[in-house]
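Residue numbers (the numbering used here): -19 to 186.
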């Protein structure tokens, strides 16, 4: 089961290579523009992986600093986002290992949140309730998945990365991405369906 796609404001690739080259030469405006484009995806990935907004902010900021410190090693002909997200992921994994962070349910961000709005405001109340209920089942089920499955779903359905970009972020073969994503979606579907059956039993009269 695929998660609803999140309508993120995708940074256009046009001009990205130029920005990287200008940032390498010390252009502070170019650095600011790169940070502006990618700080929210970096934060949202860290938040999904860690669950704690303070830890996520620390990881995102640290990842951006590392990104700029290693900019001279980056191939400016490649997209920035997968490379930056791989840094975010590595920093999040390091933090979990060091502090044994227990992930909690992600919360809404100050910049408008990242949980998708499944409710059409023109729907009737019954339809709106059903969609809101499905959204809650999805998030609860996503949180219950094993870390590796949750991670790959976040990269695909929240960050909208291609299979090749996910393989780059996770440092795994493309075939592994495809099979892992297939298993993750099957697991998510089973959890959502189990929660739906449980909800139905609670509503059924004795």
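Heads up, the beta-carbon is just placed ideally off N, CA and C, and yes, glycines get one too.
The model shown is predicted, which means the values in this text are computed figures rather than measured ones.
> By Cβ distance below 7 Å, which residues in the same chain neighbour residue 101 in space, the five residues on each side in sequence not counted?
Replying inline: In this predicted model, residue 101 has a pLDDT of only 44, less than 50, meaning its place in the structure is not dependable; the value taken from the coordinates is given anyway. Answer for residue 101: no residue qualifies.
> Any C-beta of chain B sitting closer than 8 Å to the C-beta of residue 65?
Replying inline: Absent from the structure is chain B; it holds one protein chain and no more.
>> Please list the terminal residues of the continuous alpha helix (DSSP H) segment that includes residue 23.
In response: 8 to 30
> Under the three-state reduction of DSSP, which class applies to residue 139: helix, strand or coil?
Replying inline: coil
>> Using the three-state DSSP reduction, which class does residue 62 fall into: helix, strand or coil?
In response: helix
> Helix or strand or just coil, what does DSSP make of residue 52?
Replying inline: helix
> When burial is assigned at 16 or more other CB atoms within 10 Å of the CB, is residue 61 buried or exposed?
Replying inline: buried
> In angstroms, rounded to a whole number, what distance separates the CA positions of residue 47 and residue 54?
Replying inline: 9 Å
> For residue 3 versus residue 51, is the C-beta distance shorter than 8 Å?
Replying inline: yes
> How about residue 44 and residue 15: are their beta carbons less than 8 Å apart?
Replying inline: yes
> For residue 175, which residues of its own chain have a beta-carbon under 7 Å away from its beta-carbon, when the five flanking residues on both sides are left out?
Replying inline: 117, 120 and 121
> Could you give the C-beta distance for residue 216 and residue 56, rounded to a whole number, given that I count them as a contact under 8 Å?
Replying inline: The requested residue 216 is not part of the displayed model; the chain covers only -19 to 186.
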